[in-house]
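Undergrad: Here's a structure for you.
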Amino acid sequence: MDTASHFLIGVGLGGLAHLHPEVASIPGAGLAVTIGTVLASQAPDFDCVYRFKGDAAYFKYHRGISHSIPFWFIWPTLITLLIIPFVDGLAWTLLWIWCFIAVLIHVGLDVLNTYGTQALRPFKEDWLAKDVLMILDPYIFLTQLTGVFLWWTGFVSPGPLFAWINGITLLYIGVRIYLHRLQLARAAKLYREFEPIRICVTPTFRFNTWQVVVETDHHFILGRLKNGAYQEEMRLEKCASRSWYRWREKSDVVDSFLYFAKYVYFERHRDGDMLRMKWTDLRFRFGQSFPFQAVLEVDKTGKIIKESIGWGHEEDNKVNMFEVLKEAVK
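Sequential numbering of the sequence shown, starting at 16, is according to this note's numbering.
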């Protein structure tokens, strides 16, 4: 989930903690716990420091070990040790528990969205992405933002306020999980005759609209489910040869992309002596825009001239804001 949403959820958890008598009665305890939950809500994403090692390292390791099971316990411990010396009378165990809850919520929300995380490391390195929520879920963001605003105005007590807001959020997530399973079953039924290898259903800005990616032996089929009605939007022919896979050994960019991506569509174009190759993760789509790609350009000798990975780094995969707005109202 996005940084802003994690921040708001951290603030909201600090507000919810005011239901505990110790937090509500000890001077400075409420602020200390709120600082703790905000830090803990951001802590798993501290691996953004991989940016300094380049985009390839960032996309390979972001949401990896920092979200793993050992770090569920390491992050709250470090944050508690940082804060507790400055607060008199607050039990360290209470602060630790609230920080622990914040870390678990962060990891859990990341698992529920399309990007995913390696939450089961060190036991499994699989990317867990349940495709239930958007990376920036407008409903969660707006409800948490409303709660923080009402707390800031001072008109509402934070404990009961965030008990209601978080209860509604849990109900919303439960409904999204149910709807996702329902849409996945519908998509599987529609393409049953194709004997698809895999089917992916991802959320959009619209509550009642889902995007569909179907992989068969020879094609990727992209479509949309809206109010239960399905519309196929495009078919992309898969590259028959798997020779492009060897570039994983030669390029950190390609290696990082294939380590993370799931529904990979490969294209190549030759321009004179230059060969341009592009890998696209079809899970991420706004209309005709596919923002998450890896691009490699090599000369006739096989030397890599240019490589890039990320969101909209190339002119032909920049996200068109008109497409985004159109998706939101479609």
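Just so you know, even glycine gets a beta-carbon here, dropped at the ideal spot from N, CA and C.
1. Please classify GLY79 as buried or exposed, where buried requires at least 16 neighbouring CB atoms within 10 angstroms.
2. Would you check if the segment 184-196 and the segment 33-49 touch, i.e. whether three or more CB-CB distances between them fall below 8 Å?
3. With 16 as the cutoff for other CB atoms within 10 Å, does ARG213 come out buried or exposed?
4. Considering only the alpha carbon of each residue, which of VAL269, LEU124 and ARG300 lies closest to VAL310?
5. Using only CA atoms, which one of SER20, TRP294 and PHE301 lies nearest to TYR154?
6. Once you ignore the five residues that flank HIS233 on each side, which residues in its own chain have a CB closer than 7 Å to its CB?
7. If I follow the unbroken alpha helix (DSSP H) through LEU186, where does it start and stop?
8. Does the separation of the CB atoms of ALA55 and GLY25 fall below 8 Å?
9. Out of TYR73, THR129 and TRP113, which one is the CA nearest neighbour of THR92?
10. For ARG250, which residues from the same chain have a beta carbon less than 8 Å from its beta carbon, with the 5 sequence-adjacent residues on both sides left out?
11. On a Cα-Cα basis, can you pick out the residue from PHE305, TRP262 and LYS265 that is closest to TYR278?
12. Taking its Cβ as the centre, do 16 or more other Cβ atoms sit within 10 Å of ILE8, making it buried, or is it exposed?
13. What separation, rounded to the nearest whole angstrom, lies between the Cα atoms of GLY123 and GLY317?
14. DSSP puts LEU240 in a beta bridge; with which residues?
15. In three-state terms, what does DSSP make of ASP296?
16. Flag VAL313 as yes when its Cβ comes closer than 7 Å to any non-hydrogen atom of the ligand GTP, and as no otherwise.
17. Ignore the nearest five residues each way along the sequence and tell me which others in THR224's own chain have a CB closer than 6 Å to its CB.
18. The beta strand (DSSP E) that contains TYR14, what's its start and end?
19. What separation, rounded to the nearest whole angstrom, lies between the Cα atoms of LEU143 and HIS82?
20. Can you tell me where the beta strand (DSSP E) with PRO218 in it begins and where it stops?
21. Taking the alpha-carbon positions, what's the PRO175 to LEU34 distance?
22. Quick one: using the 10 Å Cβ neighbour count with 16 as the cut-off for buried, is MET289 buried or exposed?
23. Tell me the residue span of the alpha helix (DSSP H) that contains ILE120.
24. If you count every other CB in all the chains shown that lies within 10 Å of the CB of THR18, and 16 or more means buried, which is it?
25. I need the straight-line Cα distance from ARG263 to TYR274, nearest angstrom please.
TA: A quick look at the data gives this:
1. GLY79 should be labelled buried.
2. no
3. exposed
4. VAL269
5. SER20
6. GLU252 and LYS253
7. 173-205
8. yes
9. TRP113
10. Excluding five sequence positions before and after ARG250, the CB atoms of its chain that fall closer than 8 Å to its own CB belong to HIS234, PHE235, ILE236 and LEU237, given in chain order.
11. PHE305
12. In this structure the chain extends from 16 to 345, so residue 8 is not present and cannot be described.
13. 43 Å
14. TRP225 and TYR245
15. Strand.
16. Questions concerning the ligand GTP fall outside what the structure shown contains, since it holds no ligand whatsoever.
17. Counting only Cβ-Cβ distances below 6 Å, and skipping sequence neighbours, we find LYS241.
18. Outside the shown range of the chain, which is 16 to 345, sits residue 14, and nothing can be said about it.
19. 11 Å
20. 213-218
21. In a straight line, the C-alpha of PRO175 is about 7 Å away from that of LEU34.
22. exposed
23. Its alpha helix (DSSP H) spans residues 107-127.
24. It is exposed - the Cβ of THR18 has fewer than 16 other Cβ atoms within 10 Å.
25. 9 Å
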